[in-house]
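A.B. asks: For reference, the structure I am asking about is given below.
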Amino acid sequence: MRFGLLTPGDYNQQVGMTLAEIAYADPTYISAQLAYPHYAGKGVYKLRWLGVTEGNQMYVCKAPGIDQWVVVIRGSATDPLTEAFWIDWFEQDLTALIQVPLPFGQDYNGGAAIAWGTEQGLYDLIGMRDVLSPAQLTLEQFLEQNASFETGSIVVIGHSLGGCLASVLTPYLYESLGRPRGVSPDCFLPITFAAPTAGDANFAAYVEGLFWGYPFRFENSQDVIPHAWSLNGLNWILGSFDPSPQISWFFYSLVDAIWEWLYQYQYDYTQPGPGVITTGEVQEYYWWFEEAGFQHSGETYLGMYGAPTVHFPLPPKSPQTLPLPRPRPPELTQAQLQQRAAARKVWRATSQRFGS
1348 MRFGLLTPGD
1358 YNQQVGMTLA
1368 EIAYADPTYI
1378 SAQLAYPHYA
1388 GKGVYKLRWL
1398 GVTEGNQMYV
1408 CKAPGIDQWV
1418 VVIRGSATDP
1428 LTEAFWIDWF
1438 EQDLTALIQV
1448 PLPFGQDYNG
1458 GAAIAWGTEQ
1468 GLYDLIGMRD
1478 VLSPAQLTLE
1488 QFLEQNASFE
1498 TGSIVVIGHS
1508 LGGCLASVLT
1518 PYLYESLGRP
1528 RGVSPDCFLP
1538 ITFAAPTAGD
1548 ANFAAYVEGL
1558 FWGYPFRFEN
1568 SQDVIPHAWS
1578 LNGLNWILGS
1588 FDPSPQISWF
1598 FYSLVDAIWE
1608 WLYQYQYDYT
1618 QPGPGVITTG
1628 EVQEYYWWFE
1638 EAGFQHSGET
1648 YLGMYGAPTV
1658 HFPLPPKSPQ
1668 TLPLPRPRPP
1678 ELTQAQLQQR
1688 AAARKVWRAT
1698 SQRFGS
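Following this line, the structure appears as structure tokens:
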């Protein structure tokens, strides 16, 4: 199967989110993760290109016999002891307080603007070089040599920050590789999970116009991250998980200050497309931050879509499943109950006779 508008939604969600989750793996283990047959991808995808920088990670994979190259971007690093954590969170995630003009498609994007941090992330991605090959091709060079530029032949996937960057990288690839060839934008397909907003209303309209209304923006209804950074979205975050867990004073003040800044500078971010929203369930953790982390995690998204969990650092040798409940014995007939009662009487009589 392949990703696309005519593909059953389960495949787009289950396999797409699985590939996005694998992007968080140590780069030396990505091939092994892709090859694991018990994930939603069935082990058919092969690693074909890999880029790694101090702040980001991106790979390209392909299923044999399918004319579709899948570009996958990692979300924010979670280990504060790594340099990537600080770059992701404080340069790319939390720098929505400044908007800059979209650095491509100026004749077509309607004056679109994106967050400064998103622009920095884009530059990081397009500057990556393949660490798997001596040729060290950039992503554009690799796709130029290998892609057919037919409908749906290039898919760009990401979770969280990776989804935000995918929403910008996909139109960039179209403007740099597709439009000069005179091919349709439907050669490129963005699929995002739990992505925060990348830009303003002009940016949203631009990518919606390119990609069929932007149909594959997936999110959990209880996830706070897709609500960043629109003004209405920030208001939603302040009242999230009502009645509990309530947002702490620290995070309330932080979100409220960001809202005030964006309002004063008229930076109202907008998500592209209506989104495919799956109803989540509040777990009622004690801490608001813990609840927010659960609702946003890749593991939660995989479970929500009915896909197996991705294991780190490496998958197990065999699938891990919950033990089956012990089967209950069949109901006994009245005759069987009488036979058991008679047997117990014989056993008691025998025990008394031999003094046991």
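Under this note's numbering, residue 1703 is the last one in the sequence shown; the count climbs by one each step, no gaps. C-beta: ideal position from N, C-alpha, C; glycine also. Nothing here was measured: the structure is a model prediction, and the numbers come from that model.
For residue 1632, tell me which candidate among 1572, 1594, 1542 and 1560 has the shortest Cα-Cα distance.
C.D. replies: Here residue 1632 corresponds to residue number 285 of the sequence shown, with the count starting at 1. When each option's Cα is compared against that of residue 1632, the closest is 1594.
A.B. asks: Should residue 1628 be labelled buried (16 or more other beta-carbon atoms within 10 Å of its own) or exposed?
C.D. replies: In the sequence shown, the residue the question calls residue 1628 occupies position 281. The residue in question, residue 1628, is exposed, as its Cβ has fewer than 16 Cβ neighbours within 10 Å.
A.B. asks: Sort 1521, 1376 and 1545 by Cα distance to residue 1444 and report the nearest one.
C.D. replies: Translated into the one-based positions of the sequence shown, residue 1444 becomes position 97. Nearest of 1521, 1376 and 1545 to residue 1444, Cα basis: 1545.
A.B. asks: Residue 1353: which of 1570, 1575, 1562 and 1681 sits nearest, CA to CA?
C.D. replies: Stepping through the sequence shown from its first residue, residue 1353 is reached at position 6. When each option's Cα is compared against that of residue 1353, the closest is 1562.
A.B. asks: Per the contact definition of three or more C-beta pairs closer than 8 Å, is the segment 1366-1379 in contact with the segment 1579-1599?
C.D. replies: No: fewer than three Cβ pairs fall under 8 Å.
A.B. asks: Based on Cα-Cα distance, which residue from 1515, 1534 and 1568 lies nearest to residue 1553?
C.D. replies: Locating residue 1553 in the sequence shown gives position 206, where the first residue counts as 1. Checking every option, the nearest Cα to that of residue 1553 belongs to 1515.
A.B. asks: In three-state DSSP terms, what is residue 1478?
C.D. replies: For this step, residue 1478 is matched to residue 131 along the sequence shown. If DSSP states are grouped into helix, strand and coil, residue 1478 belongs with coil.
A.B. asks: Based on DSSP bridge pairs, tell me the residues matched to residue 1506.
C.D. replies: Within the sequence shown, numbered from 1, the residue matching residue 1506 stands at position 159. Partner(s): 1540.
A.B. asks: Inspect the beta-carbon positions of residue 1512 and residue 1394 and report whether they are closer than 9 Å.
C.D. replies: Numbered from its first residue, the sequence shown carries residue 1512 at position 165. Numbered from its first residue, the sequence shown carries residue 1394 at position 47. No, they are not a contact pair.
A.B. asks: Is it true that the segment 1638-1655 meets the segment 1615-1627, where meeting means three or more beta-carbon pairs spaced less than 8 Å apart?
C.D. replies: Judged by Cβ distances under 8 Å, the segment 1638-1655 makes contact with the segment 1615-1627, as three or more pairs qualify.
A.B. asks: For the beta strand (DSSP E) containing residue 1612, name the first residue and the last one.
C.D. replies: Residue 1612 sits at position 265 when you count from the first residue of the sequence shown. Premise fails: residue 1612 is in no beta strand (DSSP E) and is neither H nor E.
A.B. asks: When you compare each of 1586, 1458, 1603 and 1502 to residue 1415 by their alpha carbons, which one comes out closest?
C.D. replies: One-based indexing of the sequence shown puts residue 1415 at position 68. Answer by Cα proximity: 1502.
A.B. asks: In whole angstroms, what is the alpha-carbon distance linking residue 1607 and residue 1639?
C.D. replies: The sequence position of residue 1607 within the sequence shown is 260, counting from 1. The sequence position of residue 1639 within the sequence shown is 292, counting from 1. Near 22 Å, if we compare the C-alpha coordinates of residue 1639 and residue 1607.
A.B. asks: Quick one: is residue 1559 buried, meaning 16 or more other Cβ sit within 10 Å of its Cβ, or exposed?
C.D. replies: Position 212 of the sequence shown holds residue 1559. Residue 1559 is exposed by the Cβ-count criterion.
A.B. asks: Helix, strand or coil for residue 1519 per DSSP?
C.D. replies: Numbered from its first residue, the sequence shown carries residue 1519 at position 172. Helix at residue 1519.
A.B. asks: What do you reckon, are the CB atoms on residue 1386 and residue 1369 nearer than 9 Å?
C.D. replies: Numbered from 1 along the sequence shown, position 39 holds the residue referred to as residue 1386. Numbered from 1 along the sequence shown, position 22 holds the residue referred to as residue 1369. For residue 1386 and residue 1369, yes; Cβs fall inside 9 Å.
A.B. asks: Less than 6 Å between C-beta atoms, sequence neighbours within five positions excluded: which residues of the same chain meet that for residue 1622?
C.D. replies: Here residue 1622 refers to the residue found at position 275 of the sequence shown. Only 1564 and 1566 meet the Cβ criterion.
A.B. asks: Near residue 1662, which residues of its chain fall below 8 Å by C-beta distance, leaving aside the five closest residues on each side in sequence?
C.D. replies: Here residue 1662 refers to the residue found at position 315 of the sequence shown. 1379, 1380, 1383, 1385 and 1386, listed in sequence order.
A.B. asks: Is it true that the CB of residue 1581 sits closer than 9 Å to the CB of residue 1547?
C.D. replies: Within the sequence shown, residue 1547 is the residue found at index 200, counting from 1. Within the sequence shown, residue 1581 is the residue found at index 234, counting from 1. For residue 1547 and residue 1581, no; Cβs fall outside 9 Å.
A.B. asks: Within 10 angstroms of its Cβ, does residue 1601 collect 16 or more other Cβ (buried), or is it exposed?
C.D. replies: Position 254 of the sequence shown holds residue 1601. With fewer than 16 other Cβ atoms within 10 Å, it is exposed.
A.B. asks: Can you list, in chain order, the residues of its chain with a C-beta nearer than 6 Å to that of residue 1398? Leave out the 5 residues immediately preceding and following it.
C.D. replies: Walking along the sequence shown from the start, residue 1398 turns up at place 51. Cβ neighbours of residue 1398 beyond the five flanking positions: 1405 and 1475.
A.B. asks: Taking only beta-carbon positions, decide if residue 1638 is within less than 9 Å of chain B.
C.D. replies: Annotation note: the requested chain B is absent from the structure, which comprises a single protein chain.
A.B. asks: Rounded C-beta distance between residue 1507 and residue 1423? I'm assuming under 8 Å.
C.D. replies: For this step, residue 1507 is matched to residue 160 along the sequence shown. For this step, residue 1423 is matched to residue 76 along the sequence shown. Confirmed, about 6 Å.
A.B. asks: Going by CA-CA distance only, name the one from 1459, 1493 and 1455 that's closest to residue 1418.
C.D. replies: Position 71 of the sequence shown, counted from the start, is the residue given in the question as residue 1418. Minimum Cα distance to residue 1418 is reached at 1493.
A.B. asks: Am I right that residue 1555 and residue 1619 are in contact with their C-beta atoms under 8 Å? What's the rounded C-beta distance?
C.D. replies: Counting from 1 along the sequence shown, the entry for residue 1555 is found at position 208. Counting from 1 along the sequence shown, the entry for residue 1619 is found at position 272. Sure, about 5 Å apart at Cβ, within 8 Å.
A.B. asks: Under DSSP, the beta strand (DSSP E) around residue 1405 begins and ends at which residues?
C.D. replies: In the sequence shown, counting from the first residue as 1, residue 1405 sits at position 58. Element bounds for residue 1405: 1404-1409.
A.B. asks: My assumption, with CB atoms under 8 Å, is that residue 1350 sits in contact with residue 1525. Please give the rounded CB distance.
C.D. replies: By 1-based counting over the sequence shown, the position of residue 1350 is 3. By 1-based counting over the sequence shown, the position of residue 1525 is 178. That belief does not hold up - the Cβ atoms of residue 1350 and residue 1525 are roughly 17 Å apart, past 8 Å.
A.B. asks: Report, in whole angstroms, the separation of the C-beta atoms of residue 1530 and residue 1496, which I expect to be a contact under 8 Å.
C.D. replies: For the purposes of this step, residue 1530 is taken as residue 183 along the sequence shown, with counting starting at 1. For the purposes of this step, residue 1496 is taken as residue 149 along the sequence shown, with counting starting at 1. About 5 Å separates the two Cβ atoms, so the contact holds.
A.B. asks: Mind checking residue 1579: buried by the 16 CB within 10 Å criterion, or exposed?
C.D. replies: Sequence index remark: in the sequence shown, residue 1579 carries index 232 (1-based). With fewer than 16 Cβ atoms within 10 Å of its Cβ, residue 1579 is classed as exposed.
A.B. asks: Report the rounded CA-to-CA distance for residue 1373 versus residue 1611, giving the unit in angstroms.
C.D. replies: Locating residue 1373 in the sequence shown gives position 26, counting from the first residue. Locating residue 1611 in the sequence shown gives position 264, counting from the first residue. Going from the Cα of residue 1373 to the Cα of residue 1611 covers about 41 Å.
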